[in-house]
Amino acid sequence: MKQFLFIQAILICVAIPSFAQKKVEKYCVIIPSFRSGNYNKVQFELYHGKVDSLFSFKDSSFQVNLTNAIPTLKTIPDLLNYMGSQGWLFVPHEIRTYMLIFRKEFDQSELKSSQ
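In my numbering, the protein residues as written are 1383 to 1497.
Below, the structure written as C-alpha cells:
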C-alpha cells in the first residue's frame, strides 16, 4: 500500500508541471507628454511597437480596452495603478527620456497563433 501511494505521489508531481502552459512576455511603452510644462496636465500615448502581429491577442477587446483607457488617465499614479490592475508590471530602466515601460506574461493560448 505504501509503495502504491509513493508511486502515485511521484506521478502527480511529474504530471502537474506538464500541464503548465508556456508563458510569453509582452512589453509596451507609455510615453507621457506634459502640456505647457505643467506636471498636473499629462497626456499618455501607448506604443507597442511597429509590428502589430507581435502585440496581437485572441481576445481583441484586451488591446482595445488598453488603447481606450490610457488616454483618459490624468496622472502618472493613475496610470501606474491602472496598469497594475490589468496585470502589467513596471520595468525599471535607466533611459534618460521620460517613458514608462511595462511587461506582462501571457499564456501561449491567449496569443494569436502567428507568434
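Ideal placement from N, C-alpha and C gives every residue a C-beta, glycine not left out.
Spatial distance of residue 1440 from residue 1461 (CA atoms): 24 angstroms
Is DSSP giving residue 1497 helix, strand or coil here? Confidence at residue 1497 is low in this model, with a pLDDT of 44, below 50, so the placement of that residue should be treated as unreliable; the coordinate-derived value is given next. Looking at residue 1497 - three-state DSSP - the assignment turns out to be coil, as it is neither helix nor strand.
Straight-line Cα distance separating residue 1486 from residue 1436: 13 angstroms
Would a C-beta distance cut-off of 8 angstroms place residue 1426 and residue 1453 closer than the cut-off? yes
Among 1476, 1415, 1458, 1470, which has the Cα closest to the Cα of residue 1407? 1470
Start and end residues, beta strand (DSSP E) containing residue 1425: Its beta strand (DSSP E) spans residues 1424 to 1429.
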